[in-house]
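Residue numbers (the numbering used here): 4 to 630.
Right, dumping it as structure tokens:
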């Protein structure tokens, strides 16, 4: 078939034009660069919504292998990551934006608009612009939708933002930038006037929908923290440099004609303690330059339309005020295990000795079977050998460093390791470690267990740990062993105190269980975790800097309200010859500060339950009481 030889694009959504052939664009006060910051406020559904293409878990593994697609086995990691952003990470980002006088553009999905009124109020207090962002992070626009289904999807998203904010949004940012050929036309027909999905220019441009008016305010993938940092696996140092040099290039070109820079942030990514200083440095660099116009998406498009000869401003309803009693409305999203509360609003936690940070180390003591049920005929020799290296060699190097600094770890224990490797068991007992459940083997998930099977699993774990170590089991980390919808209930029933898998917060928090027992979340980490660093072939010194940055942020915040820092280790990673010295330096750095409680997850849980739980529970009940 002959090629279609024609000028311009192969679709009619917008005309093609090179930037050198356009009229000169002048921003207000002849600024060289217009800067917008879009912050995504989004919810990760507890289970995979029906008829939705599968996404990749934010923890890096394919859903359906360990989480999210099995009956009664939801994606707790993805859920916890996004909830962390809404509970903690967002407020770090807002503080940095406030520091530089930046007014954010907040992209709300329907779930957030419906269930997080406090976040709406924080945006309104800053005069932020709210734009629509679909239904949720996992409910995206996809090719399997009919045009009518997509139209209703868009209408539901817009209506949710309008109901929550009192303002009908004119901007749209698609979850994961996903569109169909119908999307721009449907958006324009519903009153959306600009879309952020098209990252193909350094200026806004007008699109050509069938009806209405639509402009592109594109987010280049390299200015999106999710794309460039997580999926692109660029280090945060590389992202920091890339964003500053990106601005420098735009600033130089902006002498001739105005340029646009749109930073696209996710609170569960850039709001992590160890990343936030990099956002501060980038924005400090940008705003130190004269000739930078800091604006919302709406303001940029309004100005661009005026420069392009379009009359008037984009119309929308006036911003509304929050409904009476809205601030105390509880979050009603599945699974209902815990109440929502922004970390900026909570009762003060004081650790023993008035410490700022409760610091604990979580070695993952794991054993992968040679022929697991999932691969009964073909062993994974490289993976198996790597894990065995950790137990044969790496563990002993890691242990020496921990003992040097008198760190009594709380290990995430594959139960069968106690029987397979008595030398390791004896060494952990000699160091007086505590133990969390981490499955029988790391190659045996529990998602297929019945309730009775899982109940028996807990009794076996508790009994065997007691017999082999003399310690009572108090907590759990899911990991490869997974999680079911019943796990918290059955843990509490068996007399355990805490679960660390939720990764929702930097403070412990009450978890609701059906038996009414006192049961809590103790902060674990997917961030200062060598599985995410050394396993991705990051340099060990990068992991060291990450740990220091994480600690520095939590230590500073802990002066006002106590924080928890976890350092998660794997002997096959941190026990490498090139890595152990950096663990040594990290522990020297952290423990060299006054106001650090060197402790374990068990001790954190017991202290919180004895000294904080009742106060926090009463505060939650009062906050969520009907107005």
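All C-beta atoms in this analysis are idealised placements derived from N, C-alpha and C, irrespective of residue type, glycine included.
Note that the coordinates shown come from a computational prediction; the quantities given were computed from them, not determined experimentally.
If you measure between the beta carbons of residue i and residue j, is that distance less than 8 angstroms?
i, j, result
"residue 365", "residue 571", "yes"
"residue 577", "residue 586", "yes"
"residue 553", "residue 568", "yes"
"residue 43", "residue 160", "no"
"residue 441", "residue 415", "yes"
"residue 112", "residue 136", "yes"
"residue 80", "residue 384", "no"
"residue 346", "residue 94", "yes"
"residue 413", "residue 354", "no"
"residue 141", "residue 222", "no"
"residue 270", "residue 96", "yes"
By the three-class DSSP mapping on this structure, what secondary structure does residue i have?
i, result
"residue 628", "coil"
"residue 368", "strand"
"residue 264", "strand"
"residue 352", "coil"
"residue 470", "helix"
"residue 343", "coil"
"residue 290", "helix"
"residue 566", "strand"
"residue 614", "helix"
"residue 376", "coil"
"residue 155", "helix"
"residue 602", "strand"
"residue 148", "coil"
"residue 87", "helix"
"residue 521", "coil"
"residue 495", "helix"
"residue 437", "strand"
"residue 185", "coil"
"residue 515", "coil"
"residue 170", "coil"
"residue 409", "coil"
"residue 477", "coil"
Any heavy atom of the ligand FAD inside 7 angstroms of the beta-carbon of residue i?
i, result
"residue 517", "Of ligands this structure carries none, so the ligand FAD is not represented either."
With 16 as the cutoff for other CB atoms within 10 Å, does residue i come out buried or exposed?
i, result
"residue 403", "exposed"
"residue 423", "exposed"
"residue 611", "buried"
"residue 248", "exposed"
"residue 633", "With the chain covering 4 to 630 only, the question about residue 633 has no answer from this structure."
"residue 189", "buried"
"residue 376", "exposed"
"residue 187", "buried"
"residue 289", "buried"
"residue 297", "buried"
"residue 527", "buried"
"residue 409", "exposed"
Hey, how far is the Cα of residue i from the Cα of residue j?
i, j, result
"residue 147", "residue 183", "9 angstroms"
"residue 309", "residue 299", "16 angstroms"
"residue 259", "residue 312", "20 angstroms"
"residue 534", "residue 573", "7 angstroms"
"residue 498", "residue 450", "21 angstroms"
"residue 21", "residue 209", "14 angstroms"
"residue 615", "residue 86", "22 angstroms"
"residue 153", "residue 32", "41 angstroms"
"residue 216", "residue 196", "6 angstroms"
"residue 115", "residue 89", "9 angstroms"
"residue 380", "residue 444", "18 angstroms"
"residue 501", "residue 343", "18 angstroms"
"residue 257", "residue 358", "49 angstroms"
"residue 371", "residue 476", "22 angstroms"
"residue 2", "residue 599", "As displayed, the chain neither begins before 4 nor continues past 630, which places residue 2 out of reach and without an answer."
"residue 594", "residue 36", "44 angstroms"
"residue 3", "residue 126", "Residue 3 lies beyond the range of the chain shown here (4 to 630); nothing can be said about it."
"residue 14", "residue 392", "55 angstroms"
"residue 350", "residue 622", "8 angstroms"
Leaving out five residues before and five after residue i in sequence, what residues of the same chain have Cβ atoms less than 6 angstroms from its Cβ?
i, result
"residue 607", "361, 525"
"residue 493", "457, 458, 461"
"residue 562", "359"
Are any of the Cβ atoms in chain C nearer than 8 angstroms to that of residue i?
i, result
"residue 167", "Among the chains of the structure shown, chain C does not appear; only one protein chain is present."
Near residue i, which residues of its chain fall below 7 angstroms by C-beta distance, leaving aside the five closest residues on each side in sequence?
i, result
"residue 207", "218, 219, 220, 263, 303, 304, 307"
"residue 11", "18, 19"
"residue 99", "279, 282, 283, 286"
"residue 339", "515"
"residue 469", "475"
"residue 583", "400, 401, 404, 577"
Whose C-beta lies closer than 8 angstroms to the C-beta of residue i among residues of the same chain, with five residues either side of it excluded?
i, result
"residue 437", "411, 412, 413, 414, 474, 477, 603, 604, 605, 606"
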